[in-house]
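Participant: Going by my numbering, the first residue of the sequence shown is number 4, and it counts up by one from there. Just so it is clear, CB atoms sit at the ideal spot from N, CA and C, and this is done for glycine as well. Since the structure is predicted, the reported quantities are computational estimates derived from the model, not experimental observations. Sharing a structure with you now.
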Amino acid sequence: MADEMTTLGGRTVFLCDAAGPRVTREADALDLIGGLWGLEVDWLVLPTARLGEDFLRLRTGLAGAVIQKFVTYQVRLAIVGDLSAEVEASDALRDFVRESNAGRRVWFVPDLAALEARLTAQPDGT
């Protein structure tokens, strides 16, 4: 599957191909954001397969740096895939995911159906 724009829950989303380059450094976030330039996209959807190993090791700071880029450039980010084993193994990661999911800019969801349900439930379009 190639990267594609589609609609989920009434929002325009950019689905990144799971086979694309992994996010292993801060600059990779800028590449993703830059790829959206000129597109009318509400959310960028990034499969967990695209996350570099250090992303889920919060002590490396990669997740915070990457997510900060998305927040700074006002691009909403949905990270999609099963992270249940990783979340169970790390209290810090569990808290990070929970806090992200409580917000409106970055979500971790298990699959596209869960993302669509969450987007549909948002009354203000965000």
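#1: Rounded to whole angstroms, what is the Cα-Cα separation between Asp-6 and Phe-17?
#2: Would you tell me roughly how many angstroms separate the C-alpha atoms of Phe-111 and Ala-88, rounded to the nearest one?
#3: What does a CB cutoff of less than 8 Å around Leu-47 pick up in its chain, not counting 5 residues either side in sequence?
#4: Any idea what DSSP makes of Leu-80, helix, strand or coil?
#5: Can you tell which of Gly-41, Tyr-76, Ala-116, Phe-99 has its C-alpha closest to the C-alpha of Leu-65?
Facilitator: According to the structure data:
#1: Taking the sequence shown and counting its residues from 1, one reaches residue 6 at position 3. Taking the sequence shown and counting its residues from 1, one reaches residue 17 at position 14. The straight-line gap from Cα to Cα measures roughly 7 Å.
#2: The count along the sequence shown starts at 1 and reaches residue 111 at position 108. The count along the sequence shown starts at 1 and reaches residue 88 at position 85. Phe-111 and Ala-88: Cα-Cα distance of roughly 14 Å.
#3: Stepping through the sequence shown from its first residue, residue 47 is reached at position 44. Answer for Leu-47: Val-16, Phe-17, Cys-19, Leu-35, Ile-36, Leu-39, Phe-73, Val-78, Arg-79, Leu-80, Ala-81, listed in chain order.
#4: As a first step, residue 80 must be located in the sequence shown, where it is residue number 77. In this structure, Leu-80 counts as strand in the three-state DSSP scheme.
#5: Taking the first residue of the sequence shown as position 1, residue 65 is located at position 62. Among Gly-41, Tyr-76, Ala-116, Phe-99, the Cα nearest to that of Leu-65 belongs to Phe-99.
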